[in-house]
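Report on the structure given below.
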Amino acid sequence: MKSFKHIAVFGLLALLVVSLVACSGDGDKEASGDKNSNSNEEITLDFWTFGATGYEDLAKEYEDQNPNIKIKVKSSETADHHDALFTSLSAGSGAPDIAMLEIDQFDRFKVAQDRFENLYDLGANDIKDQYLDWKWESGENVDGDFLFGLPTDIGPKALYYRIDLFEQAGLPTDPEEVEALINSPKAFEEAGLKVKEATGMPFVDSIEMAFRAYLDAAETAYLTPDNELNLGADSEVKKAYDYAVHLNDLGIVGKYEMWSPEWANAVNKGEFAAELGAGWLKGWMEGNAPEAVGKWKVATLPTEFAANWGGSYIAIPSETKHAQAAYDFIEWLVSPENQLKSFQSHGLFPSAHSVYEMEEFTSNEDEFFGSQATAPVFAKAAQDITGIGYKGEKYFPVHNEILNALKNVQNNNADPEKEWEAAVKRAEDLMKR
């Protein structure tokens, strides 16, 4: 599921780790009751979700097919959902039978492996080949022998571009021609300069999106899997930082903040030319930019920028008494056929690659994008991704420190290197807390 504003939850992590040590062992397993489903047994499954997924409707469909199963779906805001799940896991009681985990929150929950069912023990290996490799592997532990969750939606990034501004700059507007032209980071900035010179408009909306061009594609971002800072002079983060500074120096970066009223108005009015956005962004644009209908299209990004932004997994806390029944449901829920339904009804972009060949998917034209069939563009982008970088517990506070440095460079004409060094120092202090 997409998360438009990430809100990190940190306070409960220490409590969670302590409780894992105190409560680990065989006692929990023995106390949890029978782990296997029985086709004649009346079973109720609590399913915690967040955001607009439409899983309530699919749950009812499953209940119709399985009269002995009752699924109680509880949906909350993203932060509230993960906060409540942290609380229940740390307390050792109150967790649901099934829980969604947002991808940017996922690494924090991996410290709680003992509190989740290993889905490989429940049959997940039999369906592994139905999903994109990078998405599946990100749902495993470091050793690859424990699967926390089954893949749901993903957020492959692409180039959203404003065709009227591209036309004014003498740039092509056909998606295939745009992909062929803007095929490298250098070509990206050259196109930006043409837009600026011809229209006076910025190319990219914000310094953060310029930064995320490389950052989201990084194999190792702020933290290593050993939870060590990765902010050296030759790090991928520094490369992303330097590129954003460079684009800003060229004058092709706007000062809009994503999701702000000013940004929304700029999307609607055409006050910047390009957005490096995930597949879920098009749903927002269709519902919130009425004056921009037919004025945006989508093309794939240069491979150096190929990345995922958003998505989720569905896990089974080990507290459940009905692990197999819970697994049977989630395996059905995220099947290719049901991922197609979720895409059609709520725009959840599939991680099951066979969907990309289904006629209902490939022929899904978007009126907002001038009747372009955008789904195949994002499908190609999804298959260009090689992996999801590790995030870890303090991803967001470190991200904010680096982003503050970039904003000081852009807004206050601060020295980029001094800002970088100060941000690294602040990040080091954060890691000591």
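Numbered according to my numbering, the sequence shown spans residues 2 to 434. Ideal Cβ positions, reconstructed from N, Cα and C, are used throughout, including at glycine. Owing to the predicted nature of the structure, the values given are computational and were not obtained by experimental measurement.
Asked: Residue environment, residue 321, which counts as buried when at least 16 other CB atoms sit within 10 Å; Found: buried
Asked: Neighbourhood of residue 29 by C-beta, 6 Å cutoff - its chain only, sequence neighbours within 5 removed; Found: Low confidence applies here, because residue 29 scores a pLDDT of 41, under 50, leaving its location unreliable and the question unanswered by this model.
Asked: Residue from 424, 42, 433 and 98 with nearest C-alpha to residue 234; Found: 424
Asked: Cβ-Cβ distance between residue 310 and residue 150 below 8 Å; Found: no
Asked: Contact the region 406-414 vs the region 321-332: 3+ CB pairs below 8 Å; Found: no
Asked: Presumed contact (8 Å Cβ cut-off) between residue 176 and residue 373, rounded CB distance; Found: 7 Å
Asked: Buried versus exposed call for residue 207 [16 or more other C-beta atoms within 10 Å across all chains shown]; Found: buried
Asked: Host beta strand (DSSP E) of residue 84 (start-end); Found: Per DSSP, residue 84 belongs to no beta strand (DSSP E); it is in the alpha helix (DSSP H), 79-92.
Asked: Straight-line Cα distance separating residue 57 from residue 45; Found: 14 Å
Asked: For residue 96, three-class secondary structure by DSSP; Found: coil
Asked: Touching by the beta-carbon criterion (3+ pairs, under 8 Å), the region 129-140 and the region 377-390; Found: yes
Asked: Buried or exposed by the 16-neighbour rule on C-beta atoms within 10 Å, applied to residue 434; Found: exposed
Asked: Per-residue burial, residue 260 [other beta carbons within 10 Å of its own, 16 or more giving buried]; Found: exposed
Asked: Residue 298 to residue 116 span [Cα, whole Å]; Found: 44 Å
Asked: Own chain residues within Cβ distance below 7 Å of residue 347, not counting five before or after; Found: 53, 54 and 55
Asked: Per DSSP, the bridge partner or partners of residue 163; Found: 297
Asked: Outcome for residue 340 when other beta-carbon atoms lying within 10 angstroms are tallied against a minimum of 16; Found: buried
Asked: Cross-strand partners of residue 51 (DSSP beta bridge); Found: 77
Asked: First through last residue of the alpha helix (DSSP H) which encompasses residue 135; Found: 134-139
Asked: Within the region 302-339, ranges of the alpha helix (DSSP H) (whole runs, at least 4 residues); Found: 324-334
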